[in-house]
Amino acid sequence: MARLGTISAIILAVLGAAGCQSSGGVSGPMAESEQCWWVHTCFDVAQTADKRGAAIALDYKGSFEPFAVQVRTSVSGMDGTWLEKETFILQKPRQIPILDVKAGTTGSWDWRWSFDQHPGAVPAIHDDRALYRLPYRDGETYEVIQGYGGNFSHNGDNFYSIDWDMPVGTAVLAARGGIVVSARGDSNRKGRGWDNHVIIRHPDGTYAWYLHLQQNGVTVQPGQSVEAGALIGHSGDTGFSSRAHLHFQVSALSADPDKFYASFPTRFWTADGEIAQLRKGGRYKAMSLPSS
Ligand SMILES: [Zn+2]
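So the sequence shown is numbered by numbering that gives the first Met the number 0: it starts at 0 and just counts up by one.
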């Protein structure tokens, strides 16, 4: 089910064998590849065939909304330069060297890196008075297949996430109003970074994520203002997803220096009234929000 596409993206680990290598130093030309997370957060990765030499640069392509991109590296037994852990707030195109290392001729060596990203430039706290509608049409019912803390992929910063079992092509509605800040509908691929998605910034500064949407199934664009209940796209099975479903979460950068971002529980309005917490296995019928 339901692997989340947003999170700790790529981890490359290379463990060097200790000592007694006959071939000294870095061998061979650097093979280069570009790895992109969604459209804008790309990394140029170059490494020798034996991985004893590597260079990585962040190649940010630019975005409507500022994104925080956190990069972590761990290097031992190698010469060169690298960023241990750093968070950049990015919006315009920018190139940032992350790591450039070479192993010596003897001894063990190791390099690894990972990154994470989240929209926004500053931390935000969720307004718990906000009431959300279910993100599908009135009268429809879909089963929650992974809820808060779901052990397949709802953990850490994404703890408060919900997955609905949903056939490809189902209309997806905004659960709460706001401004569309990221939208992608061109992907027909599975895997990390390839999710079609819509992200909406709420008035409290938190962001709702609607992931895995159908190719050509996104009906809004960045900058657009939407009300709760507005059609934003159609569900699918793109990106880091193992079956057709809709992933939903509300999250924001965290003020806690030990956390990068935090997700928040949200209250939903249903045909049976208000539900404080949707449960795995639950089937909830959608209804328009009561007029306040
Ligand atoms: Zn999910």
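Just so you know, even glycine gets a beta-carbon here, dropped at the ideal spot from N, CA and C.
Since the structure is predicted, the reported quantities are computational estimates derived from the model, not experimental observations.
* **Limits of the beta strand (DSSP E) - the one that His125 falls within** => For the purposes of this step, residue 125 is taken as residue 126 along the sequence shown, with counting starting at 1. Per DSSP, His125 belongs to no beta strand (DSSP E) and is neither H nor E.
* To do: Check whether the Cβ of Ser160 sits closer than 6 Å to any heavy atom of ligand 2, and report yes or no.
  => This structure does not include ligand 2; its bound ligands are ligand 1.
* Is Gly238 helix, strand or coil when you go by DSSP? -> Counting from 1 along the sequence shown, the entry for residue 238 is found at position 239. In this structure, Gly238 counts as strand in the three-state DSSP scheme.
* Contact between the stretch 60-67 and the stretch 106-123: three or more CB pairs below 8 Å? -> yes
* Going by the beta-carbon positions, is the gap between Gln145 and Asp162 smaller than 7 Å? -> Here residue 145 refers to the residue found at position 146 when the sequence shown is read from its first residue. Here residue 162 refers to the residue found at position 163 when the sequence shown is read from its first residue. Yes, Cβ-Cβ distance for Gln145 and Asp162 is below 7 Å.
* Less than 6 Å between the CB of His211 and some heavy atom of ligand 1, yes or no? -> As a working mapping, residue 211 is identified with position 212 in the sequence shown. Answer for His211: no, Cβ out of range of ligand 1.
* Asked: Contact between the stretch 144-159 and the stretch 77-97: three or more CB pairs below 8 Å?
  -> no
* From Gly76 to Gln34, what distance separates their C-alpha atoms? -> Residue numbering aside, residue 76 sits at position 77 when the sequence shown is read from its first letter. Residue numbering aside, residue 34 sits at position 35 when the sequence shown is read from its first letter. Roughly 26 Å between the two C-alpha positions.
* Asked: Can you tell me the Cα-Cα spacing of Tyr260 and Ala48, whole angstroms?
  -> Here residue 260 refers to the residue found at position 261 when the sequence shown is read from its first residue. Here residue 48 refers to the residue found at position 49 when the sequence shown is read from its first residue. Distance between the alpha carbons of Tyr260 and Ala48 is about 35 Å.
* Asked: Buried or exposed: which applies to Asp236, given that a residue is buried once 16 or more other Cβ atoms fall within 10 Å of its Cβ?
  -> For the purposes of this step, residue 236 is taken as the residue at position 237 of the sequence shown. Classification for Asp236: buried.
* Distance, Cα to Cα, Gln46 vs Thr265? -> As a position in the sequence shown, residue 46 is number 47, starting the count at 1. As a position in the sequence shown, residue 265 is number 266, starting the count at 1. Using only the alpha carbons, I get a separation of about 44 Å.
* Asked: Does the Cβ-Cβ distance between Leu230 and Ala170 come in under 7 Å?
  -> Taking the first residue of the sequence shown as 1, we reach residue 230 at position 231. Taking the first residue of the sequence shown as 1, we reach residue 170 at position 171. Yes, Cβ-Cβ distance for Leu230 and Ala170 is below 7 Å.
* Tell whether a beta-carbon distance below 7 Å holds between Val217 and Ala182. => Your numbering for residue 217 matches position 218 in the sequence shown. Your numbering for residue 182 matches position 183 in the sequence shown. Cβ distance < 7 Å, so Val217 and Ala182 count as in contact.
* Asked: Can you give the Cα-Cα distance for Gly280 and Glu139, rounded to whole angstroms?
  -> For this step, residue 280 is matched to residue 281 along the sequence shown. For this step, residue 139 is matched to residue 140 along the sequence shown. If you take the alpha carbons of Gly280 and Glu139, they lie about 16 Å apart.
* To do: Pull up the distance between the alpha-carbon of Leu252 and that of Ala54, whole angstroms please.
  => Within the sequence shown, the letter at position 253 stands for residue 252. Within the sequence shown, the letter at position 55 stands for residue 54. Roughly 28 Å between the two C-alpha positions.
* To do: Verify whether the separation of the beta carbon atoms of Asp293 and Leu172 is less than 7 Å.
  => For residue 293 there is no data in the structure shown, the boundaries of the chain being 0 and 291.
* To do: Would you mind stating whether Ser160 and Gln276 have Cβ atoms separated by less than 7 Å?
  => Here residue 160 refers to the residue found at position 161 of the sequence shown. Here residue 276 refers to the residue found at position 277 of the sequence shown. Not in contact: Ser160 and Gln276 (Cβ atoms no closer than 7 Å).
* Return the bridge partner residues of Gly79 from the DSSP annotation. => Mapped onto the sequence shown, residue 79 falls at position 80. The partner list for Gly79 (beta bridge, DSSP) reads Val100.
* Within 10 angstroms of the Cβ of Arg278, are there 16 or more other Cβ atoms? Answer buried if so, exposed if not. => On the sequence shown, residue 278 is found 279 positions in, with the first residue counted as 1. So Arg278 ends up on the exposed side.
* Asked: At what residues does the beta strand (DSSP E) containing Lys284 begin and finish?
  -> Looking up residue 284 in the sequence shown gives position 285. Run containing Lys284: 282-284, per the beta strand (DSSP E) assignment.
* Under 6 Å from any heavy atom of ligand 1, does the C-beta of His246 make it? -> Reading the sequence shown from its first residue, position 247 is the one you call residue 246. It does: the Cβ of His246 is within 6 Å (strictly closer) of some heavy atom of ligand 1.
* **Beta carbon of Trp37 nearer than 7 Å to that of Thr72** => Mapped onto the sequence shown, residue 37 falls at position 38. Mapped onto the sequence shown, residue 72 falls at position 73. Not in contact: Trp37 and Thr72 (Cβ atoms no closer than 7 Å).
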